[in-house]
Amino acid sequence: MAKKGAREIVALICSVCKNQNYITERNKVNMELKGKKDSKLELKKYCHNCRKVQIHKESSKLK
Ligand SMILES: [Zn+2]
């Protein structure tokens, strides 16, 4: 498939301890087409720092 370079790398940080645990890709064009460009990803993932599942939020600041 054609790559349009619209993908954005975002970090997923724990909402509790702010630890950056995951890095994911977000398709910016897709988000804008859906009218959700301002919405933030929120995923429940395991945080190694908290040692339990926490809400992780996206952050454009990669460490
Ligand atoms: Zn945590």
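Numbering (my numbering) for the sequence shown: 1095 to 1157.
Virtual Cβ for every residue (Gly too), placed ideally from N, Cα, C.
- Around the CB of V1110, fewer than 16 other CB atoms lie within 10 Å, so the residue is classed as exposed.
- When secondary structure is reduced to three states using DSSP, V1110 falls in the coil class, being assigned neither helix nor strand.
- Residues whose Cβ lies closer than 6 Å to any heavy atom of ligand 1, listed in chain order: C1108, V1110, C1111, N1113, C1141, N1143, C1144, Q1148.
- Out of T1118, E1152, N1113, K1134, the CA that lies nearest to the CA of H1142 is found in N1113.
- Cβ-Cβ distances below 6 Å link S1153 to A1105, I1107 in the same chain, with the five nearest sequence neighbours on each side left out; the list follows chain order.
- Secondary structure note for S1153: its beta strand (DSSP E) is the uninterrupted segment 1146–1153.
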